[in-house]
Amino acid sequence: MLTKLRGKILVVDDDETIRLVVSAILEQEGHMVSHVQNGQEAIMVARLGWPDVILTDVIMPVMDGFELVSRLKADPTTAHIPTIVMTSLGDSSARHRALSAGAEDFVTKPADEAELLTRVSNHLRLRDYYNRIVETNHGLEREIRQRTDSLVGANLETIFTLCRAMEYKDADTGTHLQRISQYSRLLAEATGMDAAFIDCLTQATPMHDIGKIGVPDAILTKPGPLNPAEWEVMRAHCEMGERLLAGSSSPYLRMGALIARNHHENWDGSGYPDGISGEDIPLPARIMSICDRYDALRSARPYKPALEHAQVMHILLSGDGRSDPAHLDPDLLAAFSRHALRFDEVFRHYRQLDECSAP
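Dropping the structure here:
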């Protein structure tokens, strides 16, 4: 035997007697009932999400039943509410018109108690099935999203581990990758980038030097200046990094490839490997260029000591003979300058982590 379902029923009719009679029949069966006298009032109640089923007359002032049904079905917030139209026994044209407008069912008027309760019960049951399907779909969506997030996280962790392996070949084995990631987030936020771009950039920037995995250790760790032949080998890490990352369906790897190839390009066209300039340089690479230079100047290398924040700011904003502000996107450099103290905070935070983890 089917379990009886109790629901919230909205009765719409301009005739008070009919409203009261229909409400009494439904209430005796255990349903909660509210009633209004025209379609306009019904829409206001329906948009509150209250009724499980709507019973409506056809001929009413202000807004009739046909317009009510049409508006309910055109509104995504109310389209799912089953609507039963009450018509006189011989009014087949009204029934066809109501069904064409989107009504789910109809009952004869004056109301036959058994027919009314049966039709309401059937639509409550369909509504219950609908709610269960929606709940199940939401659960499946959550599960798929969780599994997708877990897979993305695992993939990014693998990428980050590979980048760390490359970093151990280089001179800096500390928190360079984490710092670069946070710098890029700060600069992208400071320039109003959207959340999707910022997320992708934050994950992609640690891949910028992955091409150095193909550079001999003797060149990477050389304490003095590189000779021309060694410098050519070093410069090739940009193109090698792009080849390692290109062709992927992952947006993180695609952005990583852009950054790997272009992060040594200069705004004035004096960079490498292609000598492109201005906005021809992809935006992620222009952001990376500032972040990478800031961190490189602040970090000790075999060929140079670490510099303090104030010294680095002077070099980036005024130049030092080797670095020139003309190398950097002027708008990004201005945003960086406005938020420079936050970059210093990031560097100090991760330096403390390095010191705590040092043997």
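Numbering follows the UniProt record's numbering, with no gaps: position 25 of the sequence shown is 25.
Don't be surprised by glycine CBs; every beta carbon is placed ideally from N, CA and C.
These figures come from a predicted structure and were not determined experimentally.
- prompt: According to the neighbour-count rule (16 or more other Cβ atoms, all chains shown, within 10 Å of its Cβ), is valine 134 buried or exposed?
  reply: Exposed, since its Cβ has fewer than 16 Cβ neighbours within 10 Å.
- prompt: Along the chain, which unbroken stretches of the alpha helix (DSSP H) at least 4 residues long are found entirely within the region 216-241?
  reply: With a minimum length of 4 residues, the continuous alpha helix (DSSP H) runs that stay inside the region 216-241 are 217-220, 228-235.
message: Just to confirm the assignment: which complete alpha helix (DSSP H) runs, minimum length 4, are found wholly within the region 252-332?
response: For the region 252-332, whole alpha helix (DSSP H) runs of length 4 or above, ordered along the chain, are 283-298, 309-318.
task: Could you tell me the distance, in whole angstroms, from the CA atom of leucine 117 to the CA atom of isoleucine 25?
output: Near 8 Å, if we compare the C-alpha coordinates of isoleucine 25 and leucine 117.
Sequence-distant residues of the same chain with beta carbon closer than 8 Å to leucine 307, five excluded per side: Excluding sequence neighbours, leucine 307 sits near Leu297, Arg298, Ile315.
message: For arginine 348, count the other beta carbons within 10 Å of its own beta carbon; 16 or more makes it buried, fewer makes it exposed. Which is it?
response: It is exposed - the Cβ of arginine 348 has fewer than 16 other Cβ atoms within 10 Å.
Euclidean distance between Cα positions of valine 21 and proline 110: C-alpha of valine 21 to C-alpha of proline 110: approximately 10 Å in a straight line.
field: Inter-residue Cα distance where the pair is leucine 353 and leucine 72
entry: Going by C-alpha positions, leucine 353 is about 59 Å away from leucine 72.
- request: Would you check if there are 3 or more beta carbon pairs closer than 8 Å linking the region 226-234 to the region 257-269?
  value: The region 257-269 and the region 226-234 do not touch, with fewer than three beta-carbon pairs separated by less than 8 Å.
task: Name, in chain order, the residues that DSSP records as bridge partners for leucine 55.
output: In the DSSP output, where bridge partners are listed per residue, leucine 55 has Val11, Ile84.
- request: Put aspartate 105 into one of helix, strand or coil per three-state DSSP.
  value: Residue state, collapsed to three classes: strand.
field: Close Cβ partners of methionine 1 (< 7 Å) along its chain, the five nearest in sequence each way excluded
entry: Its pLDDT being 44, under 50, methionine 1 is placed unreliably by the model, and the measurement read from it follows with that caveat. Taken in chain order, the list of residues that qualify is empty.
message: Between Leu332, Gln28, Asp274, which has its C-alpha nearest leucine 283's C-alpha?
response: Nearest of Leu332, Gln28, Asp274 to leucine 283, Cα basis: Leu332.
- prompt: Out of Pro225, Pro76, Glu239, Ile59, which has the shortest C-alpha to C-alpha gap to glycine 214?
  reply: Considering only alpha carbons, the answer is Glu239.
- prompt: According to DSSP, what are the bridge partners of leucine 34?
  reply: Just to set this straight, residue 34 is serine in the shown sequence, not leucine. Note: serine 34 sits in a beta bridge opposite Leu10.
task: Following the continuous alpha helix (DSSP H) through alanine 42, name the residue where it begins and the one where it ends.
output: Segment 39-47, the alpha helix (DSSP H) holding alanine 42.
task: Could you give the DSSP three-state label for threonine 202: helix, strand or coil?
output: The answer is helix: DSSP assigns threonine 202 an H, G or I state.
- prompt: Rounded to whole angstroms, how far is the Cβ of valine 36 from the Cβ of serine 23, which I believe are closer than 8 Å?
  reply: Contact flag wrong, Cβ pair sits at about 11 Å.
query: Between which two residues does the alpha helix (DSSP H) carrying histidine 176 extend?
result: Note, histidine 176: alpha helix (DSSP H), 176-190.
query: To which residues of the same chain is serine 181 closer than 7 Å at the C-beta, ignoring the five residues directly before and after it?
result: Excluding positions up to five away in sequence, the list reads Thr202, Thr205, Pro206.
Status (buried if at least 16 other CB within 10 Å, exposed otherwise) for arginine 356: With the sequence shown as reference, residue 356 is identified as cysteine, and arginine is not the correct amino acid for it. Under this definition cysteine 356 is an exposed residue.
message: Could you give the first and the last residue of the continuous alpha helix (DSSP H) run that contains lysine 73?
response: That run of the alpha helix (DSSP H) goes 65-74.
message: For the pair the region 269-278 and the region 188-195, tell me if three or more CB-CB distances fall below 8 Å.
response: The region 269-278 is not in contact with the region 188-195.
message: Quick check on the burial criterion: 16 or more other C-beta atoms within 10 angstroms. Buried or exposed for glycine 49?
response: It is exposed - the Cβ of glycine 49 has fewer than 16 other Cβ atoms within 10 Å.
task: With distances taken Cα to Cα, identify the nearest neighbour of aspartate 39 among Glu104, Leu68, Arg147.
output: A quick correction: the sequence has glycine, not aspartate, at residue 39. Among Glu104, Leu68, Arg147, the Cα nearest to that of glycine 39 belongs to Leu68.
message: Quick check on proline 330: buried or exposed, where buried means 16 or more other Cβ atoms within 10 Å of its Cβ?
response: With a threshold of 16 other beta carbon atoms within 10 Å, proline 330 falls short and is exposed.
First through last residue of the alpha helix (DSSP H) which encompasses threonine 17: Here the alpha helix (DSSP H) through threonine 17 covers 16-28.
task: With distances taken Cα to Cα, identify the nearest neighbour of tyrosine 303 among Gly224, His176, Pro82.
output: Taking only the C-alpha atoms, the option nearest tyrosine 303 is Gly224.
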